[in-house]
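Colleague: For the sequence shown, the working numbering begins at 4 and goes up steadily by one. Note that CB positions come from ideal geometry on N, CA and C, so glycine has one too. The structure under discussion is supplied below as structure tokens; questions concerning it will follow.
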Amino acid sequence: MRKAKITALTLAAGAALAFAPTSVSKACTTVIVGKKATTDGSTLIARNEDVGAWSKHFYVHAANSMPQTYTSQDNGFKLDLPKTSLRYTSTPDGEQENGQWIFGEDGINSANVAMSATESGTSNKKALKADPLVKNGISEASMLDVILPYIHSAKEGVLRLGQIVEKQGSAENNGVIFSDKNEIWYMEIGSGHTWAAVRVPDTKYAVIPNQMVIGKLNLKDSKNYLASTNLTKKVKAWSKSKKIKMTGYSKGSVYYAKAFGTNDKTDSIYNRPRMWDGQRILTPSKKQKITKKHFTLFLKPDKKVSVAKVGTVLSSHFTGTKYSTYGKWKGGYRPINVSTDVESHILQIRNNVKSEIAGVQWLAMASPATSVYLPFYTNITDTPSQYKVDGDYQDPTNLKSAYWTYKTTGMVLEAYKNKSFLDSNGKKTNLMTKDVKPTKKAVTAKLKANLAASDQKAKSLNGDDLSKYLTEQNQQNADYAQSKWQAMNKSLIVHSNKLASVTKSKLTFNK
């Protein structure tokens, strides 16, 4: 399981870790949207990675650059790899373990297959008694690097990972997402050697917290359901065992989350409210209580979903409700967006452009609420320089690092999120409204325009010329966004210093 690192930054951040869960391995929120539910026919898979206060990178790995034998520096997991590997992108931790990048998390390969791993979960005691986790089995730390370079479709990703879990075991309970231009598959690993996966309906979406959510499996329908070998027989046997008494089996069918997952008081505070919030945003016509004990996994959105709308969900802190963490925080429910997010990604496989530019990895460093999603092409030879700055203990004002630039914003905002002041017109405002939102709106608009322009130019390019051009466009967008954010951070720090020096909210800012 993923463990928190105690660093100088962690200690200094203080307020920025206000929502850190007891176990940081149990964190993240996933959003997945089928191609007929999106505004442009893309498949979208997305997730906030929430682990604490250390940096993330963005890398592209060349084809055939993987070793023949992989040994995880995290838990000793070993696997013989195919001789041929595809090019792929990833967002590994900013600090290597004995020369190895770990926790690659998310990326798109040269076959335009996307993967996000993982949505950490919890298995119930009966499931772990029946089939314990394997200490040196496959885990989040190594998963992306041993799966994504070797698959040519979303379904193939499920089958490859499933085969590894069955043969060598899993060290963790995880949810994993795969997509290509046609399909999205969501997979859950419920115990040491069992798993199940469901194809996301094209017309629907899902918002998934750190809780197992796959329900009844129709394993006769292999186009939409997959599972580990003899899963039904095993669960049936475990349900009849006096020592285990597993639930989740009924009349020849397995209800996967019921058999392997949890749905307890902790989930009522930590997990289910996030499903409520995401569904509130995407299907506002469906009125539900935040205290509901079970939410439908797949829903139709009221309106077609854009990349920006997914970003809105991943940035939500129960925004605009009485449960908002930027306010009284009624109920104390865990929000989707927290200050311990280290990166947020939206992996888009487009169907309205040529295949060479179909994959776009929208990446927001640190917390998406106080950052901005950059549209990075993935048919590239290199990633922007500021996304490769080494070191996990850098001064957060380091101008070279994209991560620390965006993290600085979040740290300042977290400390003053409930502080208000009067603007030059005598109206009550705050740092988010005055500084962050206007900058984010302008930068997002410019990046969207840049993407449209570069898409147009890319139509006339092919091969190495195209990859070179896309690589250059990524760097230019990274430079532009970071320069705007650095300027905004200076203003934020000046304003926050003034706020810190007054006890009453009567301060007026003219700039």
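Whole angstroms are fine: how far does the CA of Thr121 sit from the CA of Ser225?
Modeller: Near 23 Å, if we compare the C-alpha coordinates of Thr121 and Ser225.
Colleague: Please confirm whether Gln76 and Asn101 have their CB atoms less than 8 Å apart.
Modeller: Going by C-beta atoms, Gln76 is nearer than 8 Å to Asn101.
Colleague: Three or more beta-carbon pairs under 8 Å between the segment 270 to 286 and the segment 176 to 195, yes or no?
Modeller: Judged by Cβ distances under 8 Å, the segment 270 to 286 makes no contact with the segment 176 to 195, as fewer than three pairs qualify.
Colleague: Need the endpoints of the alpha helix (DSSP H) that Ser145 sits in, please.
Modeller: Note, Ser145: alpha helix (DSSP H), Glu143 to Ile150.
Colleague: Can you give me the Cβ contacts of Arg163 inside the same chain, cut-off strictly under 8 Å, excluding the 5 residues immediately before and after it?
Modeller: Cβ neighbours of Arg163 beyond the five flanking positions: Ile150, Tyr153 and Ile154.
Colleague: If you compare alpha carbons, which of Asn233, Leu234, Ile180 and Tyr329 is closest to Val210?
Modeller: Ranking Asn233, Leu234, Ile180 and Tyr329 by Cα distance to Val210 puts Ile180 first.
Colleague: Specify the secondary structure class of Arg202 as computed by DSSP and reduced to three states.
Modeller: Three-state DSSP puts Arg202 in a strand.
Colleague: Sort out for me which residues DSSP pairs Asp53 with in a bridge.
Modeller: Asp53 pairs with Asp344.
Colleague: Can you confirm whether the segment 421 to 438 touches the segment 354 to 361 when touching is taken to mean that 3 or more C-beta pairs between the two stretches lie within less than 8 Å?
Modeller: Contact between the segment 354 to 361 and the segment 421 to 438 is absent, because fewer than three Cβ pairs lie under 8 Å.
Colleague: I believe Tyr208 touches Leu84 by the beta-carbon criterion, under 8 Å. Please report the beta-carbon distance rounded to the nearest angstrom.
Modeller: The pair is not a contact, with the Cβ atoms about 34 Å apart (cut-off 8 Å).
Colleague: So for Leu20, helix, strand or coil by DSSP?
Modeller: Because Leu20 carries a pLDDT of 39, less than 50, the predicted location of this residue cannot be relied on, and the following value inherits that uncertainty. It is helical.
Colleague: Along the chain, where does the alpha helix (DSSP H) that runs through Met414 open and close?
Modeller: Its alpha helix (DSSP H) spans residues Ala405 to Ala418.
Colleague: Does the distance from the C-beta atom of Phe375 to that of Thr447 stay below 8 Å?
Modeller: Residue identity differs from the one stated: residue 375 is Val in this sequence, not Phe. In this structure, Thr447 lies closer than 8 Å to Val375 by Cβ.
Colleague: Among the residues of its own chain, which have a CB less than 8 Å from the CB of Asp438, if the five just before and after it don't count?
Modeller: Result list for Asp438: Met491, Ser494, Leu495 and His498, in chain order.
Colleague: Using only alpha-carbon positions, find the residue among Gly160, Asn227 and Tyr252 that is nearest to Leu234.
Modeller: Considering only alpha carbons, the answer is Tyr252.
Colleague: With a 10 Å radius around its C-beta and 16 neighbouring C-beta atoms as the bar for buried, classify Ala311 as buried or exposed.
Modeller: It is exposed - the Cβ of Ala311 has fewer than 16 other Cβ atoms within 10 Å.
Colleague: One question on the structure: do Gln214 and Thr265 come within less than 8 Å of each other, judged by their Cβ atoms?
Modeller: Yes, they are a contact pair.
Colleague: Can you round the beta-carbon distance between Ser319 and Pro338 to whole angstroms, since I take them to be within the 8 Å contact cut?
Modeller: That pair is a contact at about 7 Å.
Colleague: In this structure, how does DSSP classify His64 when only helix, strand and coil are distinguished?
Modeller: His64: strand per DSSP, three-state reduction.
Colleague: Taking 7 Å as the limit between beta carbons, can you name the residues of its chain near Gly314, skipping five residues before and five after?
Modeller: Closer than 7 Å at Cβ, skipping near neighbours: Ile349, Pro371 and Tyr376.
Colleague: Go ahead and label Asp267 buried or exposed: buried means 16 or more other beta carbons lie within 10 angstroms of its beta carbon, across all protein chains shown.
Modeller: Result: exposed.
Colleague: Once DSSP output is grouped into helix, strand and coil, what is the label at Ser358?
Modeller: Looking at Ser358 - three-state DSSP - the assignment turns out to be helix.
Colleague: Could you check which residue in Ile352, Ile383 and His60 has the C-alpha nearest to that of Asp467?
Modeller: Checked all of Ile352, Ile383 and His60; the closest Cα to Asp467 is Ile383.
Colleague: Going by DSSP, what residue range makes up the alpha helix (DSSP H) through Leu162?
Modeller: Segment Ala157 to Gln171, the alpha helix (DSSP H) holding Leu162.
Colleague: By a C-beta neighbour count over all protein chains shown, 10 Å radius and 16 as the cutoff for buried, is Pro2 buried or exposed?
Modeller: The displayed coordinates of the chain run from 4 to 514. Any statement about residue 2 would go beyond what the structure contains.
Colleague: Just to confirm before moving on: does the CB-CB distance between Lys518 and Met368 stay below 8 Å?
Modeller: Outside the shown range of the chain (4 to 514) lies residue 518, about which nothing can therefore be said.
Colleague: Can you check the segment 187 to 265 for any beta strand (DSSP E) of at least 3 residues that lies completely inside it and give the ranges in chain order?
Modeller: If we require 3 residues or more, the beta strand (DSSP E) runs fully inside the segment 187 to 265 come out as 187 to 192, 198 to 202, 208 to 211 and 228 to 230.
Colleague: DSSP three-state call for Tyr336: helix, strand or coil?
Modeller: Coil, per DSSP.
Colleague: By the three-class DSSP mapping on this structure, what secondary structure does Val363 have?
Modeller: Note: Val363 maps to strand in three-state DSSP.
Colleague: Between which residues of its own chain and Leu220 is the CB-CB distance below 7 Å, once the five residues before and five after are set aside?
Modeller: Cβ neighbours of Leu220 beyond the five flanking positions: Ala199, Tyr228, Ala230, Ser256, Val257 and Tyr259.
Colleague: Tell me the rounded alpha-carbon separation between Ala405 and Tyr390.
Modeller: If I take the Cα positions, the gap works out to 6 Å.
Colleague: In whole angstroms, what separates the C-alpha of Lys501 from that of Val341?
Modeller: Near 25 Å, if we compare the C-alpha coordinates of Val341 and Lys501.
Colleague: Count the other CB atoms within 10 Å of the CB of Asp393; is the residue buried (16 or more) or exposed (fewer)?
Modeller: By the 10 Å Cβ count, Asp393 comes out exposed.
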